[in-house]
Amino acid sequence: MSLDSVFWISFVTIASGMVIKLASMIFKSRCKTCKLCCLEIVRDTEAEEREAEMEISSRQPNLQHQNSQTV
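Listed below in structure tokens is the structure:
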């Protein structure tokens, strides 16, 4: 492997990691509006929270049912 190919592999890996981490931070953010240059994103964070709570509550009865069967 030449030094040039090692550089590009490292560069692409680091850039991909940065993009994935940035996307993760944006997803976990509780901001309702985000502005970047000419782009503006408005999110309904309350609906996202209700959806997450419903998903968690739907998992809990399943876990309790599985635990009662193993006992």
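Residue 50 in our numbering is what sits at position 50 of the sequence shown, and the numbering runs on without skipping anything. Glycine included, each C-beta is placed from N, C-alpha and C at the ideal position. Owing to the predicted nature of the structure, the values given are computational and were not obtained by experimental measurement.
Which residues does DSSP pair with Val42 in a beta bridge?
-> As a position in the sequence shown, residue 42 is number 42, starting the count at 1. Bridge partners of Val42: Thr33.
Given 8 Å, three or more beta-carbon pairs between the segment 2–14 and the segment 23–37 | no
Classify Ser24 as helix, strand or coil using the three-state DSSP reduction.
-> Sequence index remark: in the sequence shown, residue 24 carries index 24 (1-based). Three-state DSSP puts Ser24 in a helix.
Three-state secondary structure (DSSP) at Ser5?
-> Position 5 of the sequence shown, counted from the start, is the residue given in the question as residue 5. Ser5 falls in the helix class under three-state DSSP.
Is the CB-CB distance between Thr33 and Val42 below 7 Å?
-> As a working note, residue 33 is residue 33 in the sequence shown. As a working note, residue 42 is residue 42 in the sequence shown. Yes; because the gap between Cβ atoms is below 7 Å, this pair is in contact.
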